[in-house]
Structures are given as C-alpha cells and as structure tokens.
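Enquirer:
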Amino acid sequence: MKNRSFSSIFTFSVLSLSMLSANSSANVSSIPVVGGVVNSAEILKNQIHSSVIYTTKTVRDAAIFTIAGITLDAYILSLPLESDVKKSIIAKLSNPSYAIPLGHFLYTFVDKYGDMDNEDAFKAYLKTQYDEETLTGFSHSLFTLNDVKKEEKPELADSHHQGLTIDRKFIANMVIVYDELVQIGEWKDLEVLPERYTYLSDTPEDRKIIDKIQPIIIAGMTKAATSMDEGEMRGALEQIIEEGKPEHKGSVNNKAEALTITLIDFVRLNVLKSYRQFVYQEQRQEVLNEWLQESFKEDPNALISYLESRQQRRLAVQITVDGLQQGLLEGLMSPLEKPFIKQIYQDHLKHENYKPQNEITTQPEHEQQLSFLKRLTEKEYKNPSYLPFFTELYKNYDNSIVDVGISSTPTISVRNLPIIKTGAKVSGKGGTGIPNFHFVDRKEDRAYYFFGNDALQLDRLMDANKVQTMFDRLDYLVTLNCNAQYDWNAHTTYDGLVNLGAGESLRDFGEKRCLRELTQRAEIEKTVSTMRADLIEDIRVYNGIFALDIYSKLTQKWKIQQNLESLSKLEQKGMPDYTLIYNPWPDHFAHFTGPFSDEILMPTGELNRLDYWLTQFTNTYKDAGVYDRTLWGMAGDHGLSPVYYSLNPEKQVFDPLQTELGYPLVIKKISSDEGEGPKITNALNYESNKEVDVVVASTAGGNFMMDFFNSAQGWKVQPTYAELTMWTPVNAQKGGSINVVNEIASRLQESLDYLVVRETNCTLDECNVRVIGFKDGVRVDELISKKGNRLFYQPVIGSSQLLELDVLNPYKSQPNDAELVSYQELYQRCMVSAVSDNVNSWCTEQEWRELTAYTARPDSVNQLATLYEEDRAGTINLFPKFGVGFNTKVPGRHAGEHYLEKDAFLGFWGTPVGPNVTPLTSEANGSLAPTLYEYLTQETVIENNNGWGYPSLLDDLDIQLSK
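Count along the sequence shown starting at 1, add 222, and that's the number in our numbering.
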C-alpha cells in the first residue's frame, strides 16, 4: 500500500511452523467410516500422510532438473554471472546436496513465475466487451486504452512501489548469495529435513555468514547507485552503503547489516521451503502407491469404497480480499434503491465540513476523481460486463452474504488478514499475537513495524504463538496457496509478497499464474476422475473372475496395479481439496486514489477487475467437474473511507506541549506516514525503547497508537488511565507530572473521534476501558466494562454518546417495523435497564453485536472492550473523525472506527449451499476459515477451542451434500 522503493526485493513472505509425522506402514484393517460411507479424507490423514517423512534419501541421486526448459547447468551458464563465479557453481553441480536444493529454489522463481506474457489480461478482456470510444470514456489514472511509455504514465502510477522484476539479473543475484552461503543450513546434510526454518541469530556462526554476504550486497548497491540520478532513492541507497563501511560495524540498527540479514534469511528459507515441497510430493506419492497396492491386495472392496469417496470428495476455496466492503458491493448492485451510493456522494459534497478549524491540516496529494460515483447517483449503470460475478452472487446467495460484516479493531490488514485466513483471534492461546501494523514488545524491548523488512518477522511471530493455519490443519489434503502469506505447509504455493512486489507494474501477475495452475489441474482432474471410475470397474471385474481362471485373474491384477501406480502419481496434481486465494489490489489502489474513485468503481476499475478474476477461477472448477462439490467463501479484512484532510497527531500534541513545558520530550516514531516508503530494522541489533517518553506509530491513515512507560508496576507493564494523568516525562523536574490524556484529547478535539485507554489492567475474561472524546467542545468520558461474555457501557463525564448507538446507520436501508422494535428493545435492555453493580443485567456480546449492527459503528462495544486483551496493543489508541486522516498523504484510509472501515465482506456460495439458509445478519470475518474447515473435514469447530477464535457458520448454510 506504500512505496516499497529499494526494499521491495526484501519484503517477501516468511516460513512458518511445519508439522512432520512419524513413519508408519499402511493399515487397511481400520478403514474409517462415517455414516456408512468410507471417509477418504480420514484415510489420507491417518494412513497416508502419517506415513510421510521429509527424507532427502531417495531423491538426491535421482532428481534431474530442467529450469525454463533447459538443464540446470545450461541455465546457470545462461545467467549474467562473472565467469569465475559461473565456473565455480558449475563445478559444484555434481554434488547432489548442492544441486538439488538449488534446482528447486530456481524452479520456484523461474518456472512458476516466469514464462508468461506481461499482458494486462483484464484490459484485454474489456476490449472484447466494450468499443474503443466507451473504454476511452472510462479512462483514469490506472487505466488507459492504449499502452504508453513509462515516462508518459500519469504521476500516480509512479507514486506506489516500483515493483519487482523476476528476471535473469534477479535470479543471478540469488544464485550468488546461495553459492556464498556454503553452510545453507545443517539440514542439507541430514536425511530428514527440519520441522521449521531457523532464522539468523546473534551467534558467532551466524555473524560469520553475515560478514561474508554483506560485502556482496553492498557491492551490488554501489553499482546500482552509480547508475541512478540524484534524488531520494539514490540518497537512501548511499546511506545504506555508508553504514556498510567497516567503521560502522556494530552500530545500532545498522541498515546495511539489516538488509544483509533479511536477504540471507530470504534465500535460506526459500531454499528449504521449495525443497520441502518437492520432497513431500515425492514421498507422498510413494506412500500413497504403497497403500493403494496393499489395500487392493488385502481388501479390494475397501479400495473401491475409498475410490468412490475420492470421486465425491468435498472441496473448498477460501478467498481473502484486502479492503472488500459488503455495504459498497450491495450499494453497487442497487445504487438507486439502497442509500449507500447516494450517502457517500453526499459525504463528498460536504467534505469541507469535516475540516478542523483550529488544528493544522494538509490535503492529500491526489485529488479524488468521482465521476462514475456521481453518475451512479443519477442513473443506474446496467451493463452485463460490469460486475457480472457479484450480480449473480447477490441474486442467488443474498442470505449467505453477511449483511453487516465485522472487522476487528483496529481495522488494519496485518491484524485482520491472519484472522480471516486462520480463524484465530489476536489474543489468547493460539492467537496471532499481532495487534496492529506495529507494536512494542516490552519483553524484548523491540519495536516492530511491518512495512519494510520486518515483514519477514510475521511468520516467525505467528509460529512463536503456535497459530494453526489452514495449511497446517489440512496438510493431509491437497492444498494450493495463491498469493497469500502463512503458507508453510501448503503443497503448492505462489508467494504473496512476490505478487505484491511484481503485481502493481505487471497487472494480473499473481492472478494469471494462479489461473494457469488451476487450469492445468482441471485437465488432470478430469483424467484422474476417469482413472478412478475405470479402476472401480476394473476391480469389480477382478472380484468377479473365477479364482481358478488364473491367467485372467493375473492379467487383470497387473493392469489394476499399474493403474493404481499411475493414479498415485497424478492424485496430487488434480484440483486442490483446499485453495487459498488472496487479492490485495482493491485496498492497495484505494489508498492512493480514494475508496470510491473512478479507479475503483468504474468498469475499468479494481472491483470489476476482481470480478473478472473470480469468474475465471470459478470456470476452472466448473471445467474440472468439481464445482458442485465446492464450497466457496470470501472475506474482506476491512473497508475504507475517504480522507479529505490530514494532520500529524504527534506534532499537533507534543510540539506545542514541549514549548509550554520548556524542555524537550523524547518521542520515538516507529512508522512511516501512509504514502511514504518503508522502514528498515536490524533484527539482531535494534534500537532500545527505554529512556523514551512515548513511542508513536500510525496505521493506514486511521489508528494512531501511543506507548507510554510510566506504570508503577515497572517499564514492561502498560500504564492505566489514572497513571497517565500523572505522567512524568524523562526531562521533567522532580514532581513535574502532566495529565497527558487530557493534553492529547483536548489538543485533538476537532479531529479526534475518540481515544481508548485502559481503565484497569486487562485479562481475557475481564477488562475496563475508558473512551474519551469531545462533543460540541465538551469532553466526554465513557467506560466499557467486560466480565466474561457480558458488557456494560456507561458515561462518566458528559451525556453525549461517543459511540452513537442511538443513531441509525445512514448507509443502510432503514429498519422495517419488526427490526425497529428489536432495535428499541435491545437499546432499552443494554443502555437503559443495565446497572453497573449487577453483571447479570448487562447485555451479552451477542446482544451488543445485534444492537450495534443497526448503527454506523458495528460491534463497537465488543471490539473496544477486547482491544487490550493483547498487551502489545499500545497504551492509548486514537481514532480520527470521518474525513480526517492521521499521518497520511493519500485520500483513502482504514483503521478508523467508521462504518465504512468496519464493514468487511463475508459470504459463502456454491452448489452445496441449500435453499433454506438462515440469513447472516452480523458476523465477524474471522468465521471464514472455520466454516470452510468444518465443511471440508466434517469435524465440529468449537469457538475458543483448538486455536479457533471464531465460530463456524456452516449450520446456517443448509448444506445439501450428504455426510
């Protein structure tokens, strides 16, 4: 979402925890049966997968590689390498422990990502649907009918990251690093690969590796810098080159060393990852063939049942879309009937009303273009090529699309994407532990910020918390990852951050490669389906042959055995049992152009591009003949709202406060402003946060987080509201305390929606938070108390409601009479009848969710009450008013508390969804993964058990497939 600039190559995905199984032999005496039907998934889990070991023993001498259609040595010769380096590498290729990992590493980046044209597939499609004049009328900063030279592209196109090119130069650099890493890791000399990747640490052995590789990286940067024009980019490179000089070795947060560590981890981890995937495929095929042959020998009828079960197996596709909002899509389906489109256009027309009058603001650099939005308010746009997928989806599956989706607070991708991908909460056992795009870990004295090379730490952090991904839970099935993170146990993967690095300048980069994979698998699936059917018939014929007809019996037996082996080789290459697809682009471009701009809403915009690709992916499942058994689910991680005015809270609050105090405050900012470049952090020698007054960080133009350190219980403990009213800065004279909460709230009263601070220390079961803001110039304090699953919301100072639960949502259709009665009853019960000293009178989490669903702040009471369940969620969280962005240069924001940001899409569809769906009214996006998991496995998901943080909604979908 921001300009990756020089570090785009380093912000790739990381590896997470892998689960290995002990060896065992095929066991055909315990065929699992569910409801009288053989469960092939259970066989794969307990008898096939459990027998797989990640051994390198059988593949080292047998593997023959082709890279880009030529042999490995020929490919190395084709790379732009120095002759002596090339000669050295070729000489080592005779060593299997050197050549095999290198071969699979190169395959990952050359064969999977290369060998495709760079055509914009969506644009090519549009040219078949619209005439030239119409398309020209739908031009905008991200779409022009005819290709133009790079220097002629609109200014906006150069304001994002510059993209990643996976060319021979890139591959050559990776090979050089690989070659220099003589010790790629102890795993290469082991017979069994390790369970997980071990990141570099501050040990003498790892320091030697860093010292060896750093000069190579600095030499490459020096060469690149000399060919660049003077400017910000070159200046940043030269700063890193300077820090790579010997006199700067060991300096805190040395950026030359930081990028060296990142690159080494990237290469080593991807070598191991690609090698593991290859080994698994080989081993699984061998074990599956053994089991099939043994089953045929011992119990042919049981084998028939297994094959029939595989013919009717369930499949699931999980789609996660960054920034996909249900209310917007619903509004686009009926722009004149639903109030959404008209309301957001009215917001735009009166945007000057949102400008703070007494706070210093700027305006986003890009002016939003809203011609198509204006057009929709006047006349519905009907064209069969505009959002055809979503049109059919809302027509046929309206009840299984959640009316008010919920994104957890703060609504930031780094927090919410793991939630919708894994079904885990942020807090608690098995939770992600990632509360925001940034945080301070007080135990480590380490600040994290995930826009930059710290992105490589995300999987490590998830692994440390023992988060189970869908790939971990479903590792016995055939799985495919298309452009998402957290994919260690995926059997085939297209890396999410590679797609982010390349996909902006090469539009449809990841989507085209994922579609190619699924298209190839669809053809194999049809072959495999025919093979299974033929085997079933052949085994039945075999069973019917008279025992004394030895020749016929043996001939049929040999035929079946050969076909079983052929089946074992193709079984994993058919359609995946589980596919995860991630699309980042609606959010990415909405930041830079505005969430309701022409670049997003027009027929040539990002939502119609998403629609096109959803159609293409769907067609592969139909072509494969498995669509009728596939449950589809999709969720957004948040919505977005427009930014018309921006300000920097740290400047607005602390600059004048320092002047008034007469001494400096020690302020540490760990984030970039939205629209700026990334941060670089040295993972082994980072800055301390001690002797700092406050650490500040901003997120996506919305949430602004502050960490203070004045708790009476020590530096590592988060201070509460009472302690913050007596805050003593580092440079203050003895006894010079400040009510810093009041300073923040009062100096931001025009731009601040509200801030949230701990009233007491919080646990998973009990917490009290204070919500503070200004209404009509008057400070308002409110408390939200949580005990178990009951919550109480009450004013402390002032009478106005900061959460505005007494105001109906203007972006949704007004409630009918029955709904209005329900809303009034809930309001009476939760806001009027509840009393503070009687917990049983408090409303439950479900009741608060139902009440707030009628308002423009869905699930607000629940979300704020649980904000500080994770200790690293900061000391004070600030949320800006509508139309205002904190620390941003761009016109789109999220991580605020407005409906437009909170309302995340969540929906399910496909033939398995029955006609009697229980309408989904208000649900959290975290229910996506557990619902699909329960469908695939037929195992009951229990919320807050086995790492599941959210409930499955499967029972509401009236699933029609037999169990």
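Glycine included, each C-beta is placed from N, C-alpha and C at the ideal position.
Is THR815 helix, strand or coil when you go by DSSP?
Expert: helix
Enquirer: Step through the CB atoms of chain D and report whether any lies within less than 9 Å of the CB of PRO437.
Expert: Among the protein chains of the structure shown there is no chain D, as only one such chain exists.
Enquirer: Drop a sphere of 10 angstroms on the beta-carbon of ASP433, count the other beta-carbons inside from all chains shown, and report buried for 16 or more, exposed for fewer.
Expert: exposed
Enquirer: Report the rounded CA-to-CA distance for GLU896 versus GLY923, giving the unit in angstroms.
Expert: 6 Å
Enquirer: Between GLY1132 and GLN436, what straight-line distance do the alpha-carbon atoms span, to the nearest angstrom?
Expert: 52 Å
Enquirer: Below 6 Å CB to CB, which residues in the same chain sit around VAL1112 once its five sequence neighbours on both sides are set aside?
Expert: The beta carbon of VAL1112 is closer than 6 Å to those of PRO586, HIS813, PHE814, GLU896 and GLY897 in its chain, skipping five residues each way along the sequence.
Enquirer: Taking just the CA atoms, how far does THR714 sit from CYS736?
Expert: 10 Å
Enquirer: Leaving out five residues before and five after LYS1008 in sequence, what residues of the same chain have Cβ atoms less than 6 Å from its Cβ?
Expert: CYS989 and ALA1087
Enquirer: Thinking C-alpha only, which one of TYR619, PHE611 and LYS651 is nearest GLU1092?
Expert: LYS651
Enquirer: Thinking C-alpha only, which one of PRO522, ARG980, PHE731 and GLU913 is nearest ASN953?
Expert: GLU913
Enquirer: So does the region 1098 to 1111 actually touch the region 862 to 869, counting three or more Cβ pairs closer than 8 Å?
Expert: yes
Enquirer: What are the start and end residues of the beta strand (DSSP E) that includes GLY858?
Expert: 852 to 858
Enquirer: Thinking C-alpha only, which one of VAL509, VAL414 and VAL474 is nearest ARG498?
Expert: VAL414
Enquirer: Hey, could you find the ends of the alpha helix (DSSP H) GLY1107 is sitting in?
Expert: From DSSP, GLY1107 is part of no alpha helix (DSSP H) but of the beta strand (DSSP E) over 1105 to 1108.
Enquirer: Using 10 angstroms around the beta-carbon of LEU770, count the other beta-carbons present and answer buried if the total reaches 16, otherwise exposed.
Expert: exposed
Enquirer: Where DSSP assigns a beta bridge to ILE994, which residues make up the other side?
Expert: BP columns for ILE994 point to LEU977 and ASP1003.
Enquirer: Determine which residues share a DSSP beta bridge with GLY627 and list them.
Expert: GLU1145
Enquirer: If we count the other Cβ atoms within 10 Å of its Cβ and call it buried at 16 or more, is LYS477 buried or exposed?
Expert: buried
Enquirer: Considering SER920, what are the terminal residues of the alpha helix (DSSP H) in which it resides?
Expert: No alpha helix (DSSP H) contains SER920, which is instead part of the beta strand (DSSP E) from 916 to 920.
Enquirer: Tell me, please, whether the region 876 to 895 touches the region 614 to 630 by the rule of three or more beta-carbon pairs shorter than 8 Å.
Expert: The region 876 to 895 vs the region 614 to 630: no contact.
Enquirer: So, helix, strand or coil for ASN961, using DSSP?
Expert: coil
Enquirer: On the three-state DSSP scale, how would you describe PHE192?
Expert: This structure gives no information on residue 192, because the portion of the chain shown stretches from 223 to 1185.
Enquirer: Quickly, what does DSSP pair HIS362 with across the bridge? List them, please.
Expert: PHE365, per the DSSP bridge assignment.
Enquirer: With distances taken from CA atoms, which of LEU906, ARG532 and THR837 is nearest PRO426?
Expert: LEU906
Enquirer: Report back the beta-carbon spacing between GLU733 and VAL875 to the nearest angstrom; my notes put them in contact at under 8 Å.
Expert: With 8 Å as the limit, GLU733 and VAL875 do not qualify as a contact, their Cβ atoms being about 43 Å apart.
Enquirer: ALA394 and LEU303 - do their beta-carbons sit closer together than 9 Å?
Expert: Yes.
Enquirer: Apart from the five residues on each side of it in sequence, which residues of its chain come closer than 8 Å, Cβ to Cβ, to VAL788?
Expert: One detail in the question is off: residue 788 reads as Ser in this sequence, not Val. So the qualifying residues of the chain are MET753.
Enquirer: Roughly how many whole angstroms lie between the Cα atoms of ASP760 and LYS795?
Expert: Approximately 23 Å between the Cα atoms of the pair.
Enquirer: Beta-carbon separation of LEU1122 and GLY861 under 9 Å?
Expert: Against a cut-off of 9 Å, the Cβ pair of GLY861 and LEU1122 comes out as a contact.
Enquirer: Mapping DSSP to helix, strand and coil, what is ILE803?
Expert: strand
Enquirer: Could you check if THR1162 is buried or exposed, using at least 16 other CB atoms within 10 Å of its CB as the buried criterion?
Expert: exposed
Enquirer: Can you list, in chain order, the residues of its chain whose CB lies under 7 Å from that of SER973, leaving out five sequence neighbours each side?
Expert: Shown here for SER973: same chain residues with a beta carbon closer than 7 Å to its own, the five before and five after excluded, namely PRO578, GLU581, LEU869, PRO1102, LYS1103 and VAL1106 in chain order.
Enquirer: Specify, as a first and last residue, the run of the beta strand (DSSP E) that GLY655 falls within.
Expert: Where GLY655 is concerned, there is no enclosing beta strand (DSSP E), given that its DSSP letter is neither H nor E.
Enquirer: What does the Cβ neighbour count give for ASP1028, buried or exposed, with the cut at 16 atoms within 10 Å?
Expert: exposed
Enquirer: Out of LEU1042, ILE1098 and GLN1016, which has the shortest C-alpha to C-alpha gap to ARG980?
Expert: Selected option, being the one with the closest Cα: ILE1098.
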